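Mapping the sequence shown onto the working numbering, position 485 (from 1) lands on 740, and the numbers just tick up by one. Just so you know, even glycine gets a beta-carbon here, dropped at the ideal spot from N, CA and C. Just so it is clear, the structure is predicted and the values come from calculations on it, not from any experiment. Before any comments, here is the structure.
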Amino acid sequence: MKHLKTSYMMFLLLFVAIVSCDKEETAPKITEITLSASTTTVQANNVVYLSVTTDTDVDITNDVRYVVNGTPQTSSEFTPNTFGDFRVIATYSINNRTLESNDVIITATAAPLTSVTLGSDSYLKELGQVFTLSVIGDNDVNHTADASFFVDGVALTDNTYTATSLGEFTATATYNHNGTTLTADPVTLEVKGNPTTVKFFDEIVFYDGYAAVVSDPVPPGVIRKSNDTYFTKIEASDISQISGDELEIEIIIGALCDNYDRGGHLFLNTIAKNTTFDVNNVVDRFEIARFITPFMNKNRMPDEVPYNYDANNIAKILNDTSLNAAFDFYLEFRVFGVPYAANTQVSGCAGRNDVFRGTVNFKSTNANVIPVPQAIEPICSDAPLNNYSANATDVMGQTTRTFNINLNAAINAAQLVVITSNHGANTGGEEYNRRQHFIYFDNINVDTYIPGGKSCEPYRRYNTQGNGIYQSTPQPLSYWTSFNNWCPGDAIPTRVYNLGNLAAGAHSFKIEVPDAEFVDGQGNIPTSAYIYGDL
C-alpha cells in the first residue's frame, strides 16, 4: 500500500509539470510594445497621458519605464513645463529581456500671450552695481531678448542698468506681440551708497565693577570713567560715513573672566559743542541699546556673542545740522561684571580681574539723504523702578513712576522709545516672574506688554558655561515662557511707539508694573525712554 501511494504522488507531479510546460509553450510570446499618448500637441504646463500595450493586447502602462528626452519619468503622466518637442519612449523588462517601444514626439506650444511682467535680479543695489532686467509673459515664456527697457523714461540699449547716482528709479518695459504693444507694470530700483563700518570700541576690556579703577592704558580717543564704563567721541568724520536714515548698531561681547550673565548698555550722550568732555558736562543721555551677556567660559567656543540693533533714528539725529552745531556726541559703553566665580571655575582666570571685552560697530552707507530737521528729547535714562525706594516710585509700596517733560517746540511724527528689563535673582525675584507692564503717555495707555515670551534655545550655543538657566538639555517653549523675562545672550527689546504730532509744552510718561513684588526689597526694573521726531 505504501508503494502504491508513492507511485500515485509521483504520477501527479509529473502530470502537473507536463501541463505547465505545455502552457508555457502555448502562451503567446510578447515580442514588442507600443507607446501611445493622449495627444501629441499640447500647451505647456498641461498633462499628457501615456499608455503602453503589448502585441498580445495586454495593457502594461503601469509596469513600464518612461524616458522623455533622455530623462526618466516617475509616472505615465507627463507635463511639459516649456514649449518645444519632447521625444518619449518606454521600456519593459520581461524574462530577462528589455523591450523598447516606438518613440512618440509630443509638441508643447506656448499658451496665448496676454500680458508681460518686468523683473530684476535684485531691486536693491549699491552704487556702481548693475541691475539685470527681464520680461516674462503670462505664458511663462521669457521675452527678454525682444523687449524694450526704460529707466525713468530713458530707453536702455539692453536689459541692464548701471546705477550712477543714489536714490530710487522707475523701470518699465514693453514687448511687441503680433502688432500689439504689451506694457509691463513698472518696478522700483533702489540704489544705496557703499556699505561702511565705523568702529568706536575695538575689544575694549572691562574690569571688576567693584574694584578700584585700573590704570591699564586705553586706546587713543577712549575715556575710562570706571572699570565698567568707557566713553568715546563720535567725530564729524565718523558721521560723514553714516547715512542720514540708515544705521545698524552691532555690539560684540567676548568672554574673559566673568562666567555669569550680566547687563550691558550703550548710551548716546550730548555735551555743548567744543567742550572738553566730563561726565558733569553731559547735557542729555539716551540709552540706545541694552543686552544680557551669556554664561561664557573663555576657553570654549564660541567665545563671543553679537547683538544687532536697528538704529535708523540715531542716524537721523547724528546727521541733523542744528544738533551738530549745538552739541558734540559721545558714546558711552557700559558692561558690569565681576570675576570672583571665574577665578576658581575657569581655567586661566585665577587672580585676574578682567571680565569682558567689547566692540561697537556702526554699520551704514555713505548715502546722501535729504535731511528733515530732527528733535530728540530725553525722558529718563537707566532710571530705577521698584516699590521700595523713594527715588524709584511715585508711591511707596507700588511699582509706578511718572516722568514729566516739557517740549520747547512741537514734534511731528513723534516716536516714543522705551527700554526695560527685569532684574532680581533672589528667591521669588522679579527676574523669574513675568509681569504685565503698562506704558502711558499723557495718561493714555500706549502699550501693555509682558517681557519674554520666547524660547532661549537659539542662544544656548553662546552659553558655554554650565548654568541652571539653560540646564544640560534643550527645553520646550513652555519651560522658557514659564519664567524668563529675557535670555542670557540676547538683546533686550527696544520698544517704539508712534505718538503722532505732539504740541509744545508739558507732557508726561508713566510706567506701571502693579503685580511686581520685589521680595525682600530686592530687584529693579531699570527704565529708559526718550522721544524723537521731525520738527
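Residue i, enclosing alpha helix (DSSP H) - first and last residue
i: Q298; result: From DSSP, Q298 is part of no alpha helix (DSSP H) but of the beta strand (DSSP E) over 296-298.
i: S492; result: 491-494
DSSP three-state assignment for residue i, whether helix, strand or coil
i: D745; result: coil
i: T281; result: Confidence at T281 is low in this model, with a pLDDT of 49, below 50, so the placement of that residue should be treated as unreliable; the coordinate-derived value is given next. DSSP places T281 in helix when its eight states are reduced to three.
i: Y734; result: helix
i: R689; result: coil
i: Q211; result: This structure cannot speak to residue 211, because the chain is shown only from 256 to 790.
i: A366; result: coil
i: G776; result: helix
i: D314; result: strand
i: C276; result: The predicted model places C276 with a pLDDT of 45, which falls under 50 and marks its position as unreliable, so this point remains unresolved.
i: F270; result: In this predicted model, F270 has a pLDDT of only 49, less than 50, meaning its place in the structure is not dependable; the value taken from the coordinates is given anyway. Helix.
i: P713; result: helix
i: N449; result: coil
i: K571; result: helix
i: S331; result: coil
i: T531; result: coil
i: L411; result: coil
i: T289; result: strand
i: T576; result: helix
i: D457; result: strand
i: A761; result: strand
i: N646; result: helix
i: K257; result: Any reading at K257 is ruled out, since the residue's pLDDT is 46, under 50, leaving its predicted position unreliable.
i: A400; result: helix
i: A345; result: strand
i: A426; result: strand
i: I724; result: coil
i: Y321; result: strand
i: Y695; result: strand
i: L640; result: coil
i: V468; result: coil
Strand pairing of residue i, partner residues [DSSP]
i: G509; result: E559, R612
i: Q838; result: Residue 838 falls outside the range modelled here, since the chain spans only 256 to 790, and no answer is possible.
i: Y564; result: I504
i: P475; result: P475 is not bridged to any residue.
i: C635; result: A784
i: Y462; result: D609
i: F591; result: Beta-bridge pairing links F591 to no other residue.
i: F617; result: V453, I504
i: S481; result: T484
i: N524; result: R540, Y585
i: I361; result: F341
Whole-Å CB distance - residue i paired with residue j, under 8 Å assumed
i: A400; j: V297; result: The Cβ separation is near 25 Å, so there is no contact.
i: V610; j: G592; result: 3 Å
i: Q795; j: N552; result: Nothing about residue 795 can be read from this structure; the chain reaches only from 256 to 790.
i: A746; j: Y564; result: 7 Å
i: A299; j: P327; result: Contact doesn't hold; Cβ gap of about 21 Å is too wide.
i: N574; j: G499; result: 4 Å
Range covered by the beta strand (DSSP E) that runs through residue i
i: I391; result: 385-392
i: D539; result: 537-547
i: L354; result: 352-355
i: N667; result: 666-675
i: N514; result: Neither: N514 is in no beta strand (DSSP E) and is coded neither H nor E.
i: G374; result: 371-375
i: Y704; result: 699-704
i: T337; result: Careful: T337 lies outside any beta strand (DSSP E) and carries neither H nor E.
i: N661; result: 655-662
i: S306; result: 303-309
i: L421; result: Careful: L421 lies outside any beta strand (DSSP E) and carries neither H nor E.
i: T435; result: 435-438
Would you say the segment 664-672 touches the segment 743-760, given that touching needs at least three Cβ pairs under 8 Å?
yes
Is there contact here, the segment 671-684 with the segment 770-777, by at least three beta-carbon pairs under 8 Å?
yes
Counting Cβ pairs, one atom from each stretch, are 3 or more of them under 8 Å apart for the segment 458-475 and the segment 524-541?
no
Report yes or no: do three or more beta-carbon pairs, one from the segment 543-558 and one from the segment 488-500, lie closer than 8 Å?
no
contact_flag[the segment 599-613, the segment 506-514] where n(CB pairs < 8 Å) is 3 or more
yes
Does the segment 581-588 come close enough to the segment 474-489 that 3 or more CB-CB pairs lie under 8 Å?
yes
How do the segment 340-359 and the segment 371-383 stand: do at least 3 beta-carbon pairs fall below 8 Å, yes or no?
no
When you compare the segment 726-737 with the segment 649-656, are there three or more beta-carbon pairs, one atom per stretch, that lie closer than 8 Å?
no
Tell me, please, whether the segment 390-410 touches the segment 420-429 by the rule of three or more beta-carbon pairs shorter than 8 Å.
yes
Should the segment 705-717 be called in touch with the segment 732-752, which here means at least 3 C-beta pairs below 8 Å?
yes
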